[in-house]
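Participant: For the sequence shown, this note's numbering assigns the number -5 to the initial residue and increments by one for each residue that follows.
All C-beta atoms in this analysis are idealised placements derived from N, C-alpha and C, irrespective of residue type, glycine included.
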Amino acid sequence: MPRTEKGKSHSIRPVGKRPPVWCKYTPEEVESIVVKLAKEGHNSSKIGVILRDQFGVPLTKPVAGKTVTEIMKQAGLAPSLPEDLEVLLKRASGLIVHLEKNKKDSYNKRALQQIEAKIHRLAKYYKREGVLPADWKYEAKTASLV
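1) Is S74 helix, strand or coil by DSSP?
2) What are the start and end residues of each continuous alpha helix (DSSP H) run of 4 or more residues lying completely inside the stretch 22 to 51, in chain order?
3) Check I90 in the structure and name its three-state DSSP category.
4) Contact check, V57 vs S38 under 8 Å by CB: the rounded distance?
5) Enumerate in chain order the residues of its own chain whose CB-to-CB distance from I27 is below 7 Å, with the five nearest sequence positions on each side excluded.
6) Excluding sequence positions up to five away, which residues of its chain have a Cβ less than 6 Å from the Cβ of A32?
7) Assuming contact is defined by CB atoms lying nearer than 7 Å, are I109 and L79 in contact in what I supplied?
The structure is reproduced here in structure tokens:
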């Protein structure tokens, strides 16, 4: 019986650690583009998409030797929270507002529980890695402030 897996067709990134020969940007140029885009208010994933689509830079690590987030940290433009955690906090706050209006929406109560579980797992990981302070704690009231 054939397997019915779903996903991105098992696509993987290229294994080469050197920049591609067709990439015409120097590391300094890539870093300046990243800093410029960060000052415009783009987050790291959006910067990566812009670099790929508009500038033809497939990955910043082989070209510049650093990731987009590392470049932003060196320039002092890194966000206080990691991007994935911030997105989850925004989703949770949106669901909290929805559930205040619709108290009997049991499907979204469950969805909020799942999102909060993801937040707790990510926070535990980021505390262990030293990205978040050890006393950082998720609270539904503070999620709406983010």
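Facilitator: Reading from the atomic positions:
1) coil
2) 38 to 44
3) helix
4) About 15 Å separates the two Cβ atoms, so there is no contact after all.
5) L45, F49
6) M66, L71
7) no
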